[in-house]
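Participant: Residue numbers (this note's numbering): 73 to 128. I have a structure here, written as structure tokens, and I will follow up with some questions on it.
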Amino acid sequence: MLHANQILVLDEGRLVGKGTHAQLMASCPEYQEIARSQLSQKELDLKSLNTEKEGE
């Protein structure tokens, strides 16, 4: 999921988010909740750092 080109987030069959992991972490509370429940804090921190570097 972290390296997918596009992720679709559904909530009760309704599309609530669409984008990359970084985009959804910045904009989609439903995705943030899922990611935080499935990824360790270390993975989230590393992905956040990598995302910041890519945006420079």
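Even for Gly, the Cβ is constructed at its ideal location relative to N, Cα and C. Just so we're clear, the structure is a prediction, and the values are computed from it rather than from any experiment.
Run through the DSSP bridge pairs and tell me what Leu80 is partnered with.
Facilitator: According to DSSP, which records beta bridges pairwise, Leu80 is partnered with Lys90.
Participant: Going by beta carbon distance, what residues of the same chain come within less than 7 Å of Asp83, once the five residues before and after it are set aside?
Facilitator: Counting only Cβ-Cβ distances below 7 Å, and skipping sequence neighbours, we find Glu102.
Participant: With 16 as the cutoff for other CB atoms within 10 Å, does Ala98 come out buried or exposed?
Facilitator: Exposed, because fewer than 16 other Cβ atoms sit within 10 Å of the Cβ of Ala98.
Participant: On the CB-based measure, 16 or more other CB atoms within 10 Å of its CB, does Leu96 come out buried or exposed?
Facilitator: Classification for Leu96: buried.
Participant: What residue range does the alpha helix (DSSP H) around Ser112 cover?
Facilitator: Segment: none, Ser112 is in no alpha helix (DSSP H) and carries neither H nor E.
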